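Chains A and B supply the protein sequences, listed in that same order.
When you line the first sequence up against this note's numbering, it's residues 1 to 48, in that order.
When you line the second sequence up against this note's numbering, it's residues 49 to 221, in that order.
Where a beta carbon is used, it is the ideal one built from N, C-alpha and C, also for glycine.
Owing to the predicted nature of the structure, the values given are computational and were not obtained by experimental measurement.
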Amino acid sequence: MEIGKPEKIHEIELDPMEAPSPDFDEPAPREEPKEEPVPVEEEQEVEV
Amino acid sequence: MKKKLKIDLRTSYPPIPLVLSNKPIVGYRGWGLTPGCKLESVSVNYVWEHPILRNNKKPIIYDGRQRFQLDRNLFGFYAFKEPNFKLYYVPVLGKVSLFGTVIEHADGYRGQNVRVDHLFLLRIDDETELKRQVDSLSKTYDCEVMVRDKGKEGLNKVIAYYKYMEGESSASP
Chain A
1 MEIGKPEKIH
11 EIELDPMEAP
21 SPDFDEPAPR
31 EEPKEEPVPV
41 EEEQEVEV
Chain B
49 MKKKLKIDLR
59 TSYPPIPLVL
69 SNKPIVGYRG
79 WGLTPGCKLE
89 SVSVNYVWEH
99 PILRNNKKPI
109 IYDGRQRFQL
119 DRNLFGFYAF
129 KEPNFKLYYV
139 PVLGKVSLFG
149 TVIEHADGYR
159 GQNVRVDHLF
169 LLRIDDETEL
179 KRQVDSLSKT
189 YDCEVMVRDK
199 GKEGLNKVIA
209 YYKYMEGESS
219 ASP
């Protein structure tokens, strides 16, 4: 590959394993399903 | 009497600025494809076995006076700056990120470490084989693999795609 004359040196301190991957159509994070509130009281038939 | 001189090629010739950064450098390149569906360099005999490749030897600047033994990967992983591929005939084109010591040249880079980020595979007539190649590349290199059509038009679409994605990423904060 012909890439021409050297012009600059970069020192990239980031490790490839730590670098974020490019966001090519990355799926959106899944939302955790919310739990339905559990009723604390319930109606009971009471003899009066 | 001959004197032995130690030459620091990174600073002595030519005087090249050093830039420290914690952001990878993005480049574009082409590959051949082995029968086992692995990427291989076009101009040297080297198979890309993994999505991330590391080189213990830092790339150095060739100053025209010293001759270096052409050791495996001595000169680093190559990539072009722009996705204006001239290697339209190779079966795979793609985008990489470069890490570690990276020498910036006029038209491209030579990096110490590299990661494959995205691939475009050339379309072949056998759909079953094409699917096998896409699946295999995607699994080996842990990245998205898209298919490009043959000819200049297919190549132009690849260039347009990468330029569009480049614009998108530079627009984001």
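- Is the shortest distance between the beta-carbon of R163(B) and the beta-carbons of chain A less than 8 Å? yes
- Task: Alpha carbon to alpha carbon, how far is D190(B) from I207(B)? Give it in angstroms, no decimals.
- Result: 22 Å
- Within 8 Å (strictly less), CB to CB, does E32(A) reach chain B? Low per-residue confidence applies at E32(A): pLDDT is 45, beneath 50, and the placement is therefore not dependable, though the value from the model is reported in the following sentence. Not an interface residue.
- Query: Taking DSSP as the reference, what is the three-state secondary structure of R180(B)?
  - Reply: helix
- For chain A, is any of its Cβ atoms less than 8 Å away from the one on F123(B)? no
- Query: Got a sec: which bits of the region 68-84 of chain B sit with their beta carbon under 9 Å from any beta carbon on chain A, in order along the chain?
  - Reply: L68, S69, N70, K71, P72, I73, V74, R77 and G78
- Query: How about the region 132-141 of chain B and the region 95-103 of chain B: do they share at least three Cβ pairs that are nearer than 8 Å?
  - Reply: no
- CB-CB under 7 Å to K198(B), same chain, minus the five flanking residues each way: which ones, in chain order? L170 and R171
- Below-8 Å beta-carbon distance, A154(B) vs any chain A residue: yes
- Message: For the region 175-187 of chain B against the region 145-157 of chain B, do three or more pairs of beta-carbon atoms, one drawn from each stretch, fall closer than 8 Å, so that the two count as touching?
- Response: no
- Item | Contacts around L68(B), its chain only, beta-carbon distance under 8 Å, and the 5 residues preceding and following it disregarded | none
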